[in-house]
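Undergrad: Below: one structure in structure tokens.
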Amino acid sequence: MADRAQQPTEPPAVQEYAAGGHEYTVTRFRVDPGGPSANPEAVEWVRAVRQGFHQTEPTPETLERTLAWLHEDRVLLCAAHPREVPEAALPPRRPAATFASWEGTLNVGGPALLPARLISEVTVRPTHSRRGLLRTLMGTELAAARTAGHAVALLTVTEATIYGRFGFGAATFDRTVEVSATTRLRLKAPTSGTVELADPEALRELAPRLFRRFHESSHGSVSRVSYHWREYTGEYGLTAQEPDPAVRCAVHHDEHGRPDGWVTYRFEPTTGYPLTLTVVDLVGASPDVSIALWEFVTSLDLVDRVRFGRAPVEDPLAWALADRGDYRVTGESDRIWLRVLDPVAALAARSYTARRRVVLSVVDPMGHADGLFALDTTGGAPVVERVGDRPRTADDDAGASLPAVELPPGADAAMRVDALGSLYLGAVKASTLARAGLVVARDEDALRALQDLMETPTAPYGVTQF
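So in the UniProt record's numbering, the last spot in the sequence shown is 466, and the numbers never skip.
Below is the structure:
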């Protein structure tokens, strides 16, 4: 087994934590080969995660599959174990809090994919809440990610009110849509290529290569890990105990017979009408490929409507339809939450269409992104530098987790780091955040300059859930 303590960019393998008279041992580890028998601590970690998300106890098969992907993708697990428990309580080996993170990449619309730290499986047992466990785990993780050179950290949320105080802001959004399939989809322009039903096992081998094309060309996309290919093709899911044989697969090929996209879907059991088909995953190397895949799923017999829960906010399909009434938005959700750790590296990594110079004051109670930063694109390529410290305020002295934003001398605009996370990929306008009280600008010209800089040609969009 590797000596985890010898990895300088990771937190210590073991830490002690105490709060309000309660003591915990916090461990960080990776899954070793050998399955459940070789990983008793990871087995208890998996059981705690499933309990935290109200899932059933894992079967032996579920443990094997879960530990396999955690090992394959070198996921760093974190567990907080209570030192003492009362009679009949869960034993100390079962974590009271869990956390996981791994290396990934984010398409920020720049010349290269940006390395990012991805965070998931965050749980705190309700009987151990409000003891600072999450703050301890998150604080240690973000500090380690910053030390390792990551400019941003990413997560998806089940409870949106939790993560703003740690500096995360909602950065991408998607929609749940329903498309009528009672008649053949009528499009304003013809599609190209062909669609063929595919073998799930073959698609699991093909999908990572095709996804790379989507990821590299899609502003807002987040990399995937091995379990995505198994879950989206029905081999197994993180919540389901068994394979899902209802999942079907199809692959789109271009005019030369080369695969360039896929869709997986299932028919939803029903006792009446309408007959509904749910898209599990839909990825195209280009928008026209995605539209062709939609044309395929809506042409299937015995289907009245097709539902997809991860459609883009700016969806070309809605405009490609001859009748927009066939396309109905039933919900909108935030997808990726972004935490800027290094403003200089993060702002320099993306591209800009406007030529402006602004000085930003960033308020970060955790310290990673705090300060004054100059962003200058007047010469074409972005030049970003830290130009000074931000003056301390009364909220800083009080240790507020969500301090008020004040505009210091010399700055064009000021915001908390969570607002910078929302602004970073262009999902929201600076003027909208200003109207919400989250951005303070020197004047209208300064606000316009910031908005011009941060706007992007398209809304950020990705299809990765983690």
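The beta carbon of each residue, even a glycine, is placed where N, CA and C say it ideally should be.
How far does the beta strand (DSSP E) with P259 in it extend, from its first residue to its last?
TA: Unbroken beta strand (DSSP E) run through P259: P259 to F267.
Undergrad: In chain order, which continuous runs of the alpha helix (DSSP H) of length 4 or greater are located wholly inside the UniProt domain "N-acetyltransferase" (53-190)?
TA: Qualifying alpha helix (DSSP H) stretches, in chain order: 60-72 and 133-147.
Undergrad: Once the 5 residues before and after R218 are set aside, which same chain residues still bring their CB inside 8 Å of it?
TA: It should be pointed out that residue 218 corresponds to Ser in this sequence rather than to Arg. Excluding positions up to five away in sequence, the list reads N107, Y461 and G462.
Undergrad: Buried or exposed for Y424, going by 16 or more other Cβ atoms inside 10 Å?
TA: That one is buried.
Undergrad: Span of the beta strand (DSSP E) holding Y227?
TA: That residue, Y227, is in no beta strand (DSSP E); its alpha helix (DSSP H) goes S226 to Y232.
Undergrad: Can you tell which of L433, E84 and A345 has its C-alpha closest to the C-alpha of A151?
TA: Ranking the options by Cα distance to A151, first place goes to A345.
Undergrad: Taking only three categories from DSSP, how would you classify F466?
TA: Coil.
Undergrad: When you compare each of A322, R209 and A459 to D315 by their alpha carbons, which one comes out closest?
TA: For D315, the nearest C-alpha among the options comes from A459.
Undergrad: In the DSSP assignment, the beta strand (DSSP E) including E332 goes from what residue to what residue?
TA: Looking at the DSSP string, the run of the beta strand (DSSP E) that includes E332 is Y327 to D334.
Undergrad: Taking a contact to mean a Cβ-Cβ separation below 8 Å, would you say A311 touches D174 in this structure?
TA: Yes.
Undergrad: Just mark M1 as buried or exposed, buried being the case when its beta carbon has 16 or more other beta carbons within 10 Å.
TA: Here M1 scores only 33 on pLDDT, less than 50, and its place in the model should not be relied on; the value that follows carries that caveat. Result: exposed.
Undergrad: Here's the rule: buried if 16 or more other CB atoms are within 10 angstroms of the residue's CB, otherwise exposed. What is R209?
TA: Exposed is the call here.
Undergrad: Helix, strand or coil: how does DSSP classify L425 here?
TA: Here L425 sits in coil by DSSP.
Undergrad: Assign P312 to one of three DSSP states: helix, strand, or coil.
TA: DSSP places P312 in strand when its eight states are reduced to three.
Undergrad: Just to confirm before moving on: does the CB-CB distance between A168 and D452 stay below 8 Å?
TA: Looking at the sequence provided, one finds Phe at residue 168 rather than Ala. Taking 8 Å as the Cβ cut-off, F168 and D452 do not qualify as a contacting pair.
Undergrad: Reducing DSSP to helix, strand and coil, say where A18 ends up.
TA: Correct three-state label for A18: strand.
Undergrad: Is R357 closer than 8 Å to T378 when the C-beta atoms are compared?
TA: Yes, the Cβ-Cβ distance between T378 and R357 is below 8 Å.
Undergrad: With respect to the beta strand (DSSP E) encompassing T276, which residues constitute its N-terminal and C-terminal limits?
TA: It spans T276 to G284 - the beta strand (DSSP E) in which T276 sits, taken as one unbroken run.
Undergrad: With DSSP as the reference, label S351 as helix, strand or coil.
TA: Residue state, collapsed to three classes: coil.
Undergrad: Let's test the definition: count the other Cβ atoms within 10 Å of the Cβ of T279 and tell me whether it reaches 16, buried, or not, exposed.
TA: Inspection of the sequence shows that residue 279 is occupied by Val rather than by Thr. The residue is buried, with at least 16 neighbouring Cβ atoms inside 10 Å.
Undergrad: Starting from D364, trace the beta strand (DSSP E) in both directions and tell me its first and last residue.
TA: Here D364 belongs to no beta strand (DSSP E), and DSSP marks it neither H nor E.
Undergrad: Shortest alpha-carbon distance to T194 belongs to which of R224, A430, V289 and A153?
TA: Closest by alpha carbon: V289.
Undergrad: Taking the C-alpha atoms as reference points, what is the distance between A304 and F296?
TA: Inspection of the sequence shows that residue 304 is occupied by Asp rather than by Ala. So the two alpha carbons sit approximately 13 Å from each other.
Undergrad: So, under 8 Å CB-CB, D281 and V306 are touching, yes? Tell me the CB distance rounded to an integer number of Å.
TA: Not confirmed; about 13 Å, so no contact.
Undergrad: Should W319 be labelled buried (16 or more other beta-carbon atoms within 10 Å of its own) or exposed?
TA: It counts as exposed.
Undergrad: By alpha-carbon positions, which one of P382, R416, D244 and S401 ends up nearest to G371?
TA: Of P382, R416, D244 and S401, the residue nearest in Cα terms is R416.
Undergrad: Taking just the CA atoms, how far does E255 sit from T191?
TA: Roughly 11 Å between the two C-alpha positions.
Undergrad: Quick check: what's the CA-CA separation for L185 versus L317?
TA: So the alpha carbons of these two residues sit roughly 11 Å apart.
Undergrad: CB-CB under 7 Å to R131, same chain, minus the five flanking residues each way: which ones, in chain order?
TA: Correct list, in chain order: A19, G20 and H22.
Undergrad: Within a Cβ cutoff of 7 Å, which residues of the same chain sit near S401, ignoring the five residues on either side of it in sequence?
TA: So the qualifying residues of the chain are R165 and P365.
Undergrad: Which of the three DSSP states, helix, strand or coil, is assigned to L197?
TA: It is a strand residue.
Undergrad: In angstroms, rounded to a whole number, what distance separates the CA positions of D334 and T158?
TA: Approximately 10 Å, taken between the alpha carbons.
Undergrad: Is the beta carbon of L420 closer than 8 Å to that of R442?
TA: Contact: no.
Undergrad: Which first and last residues belong to the beta strand (DSSP E) in which residue 493 is found?
TA: It is not possible to answer for residue 493, since the shown part of the chain is limited to 1 through 466.
Undergrad: Name the residue from A292, Y24, N39 and S223 whose alpha carbon lies nearest to the alpha carbon of L321.
TA: Selected option, being the one with the closest Cα: A292.
Undergrad: Quick check: G284 and D260, are their CB atoms within less than 8 Å of each other?
TA: Going by C-beta atoms, G284 is nearer than 8 Å to D260.
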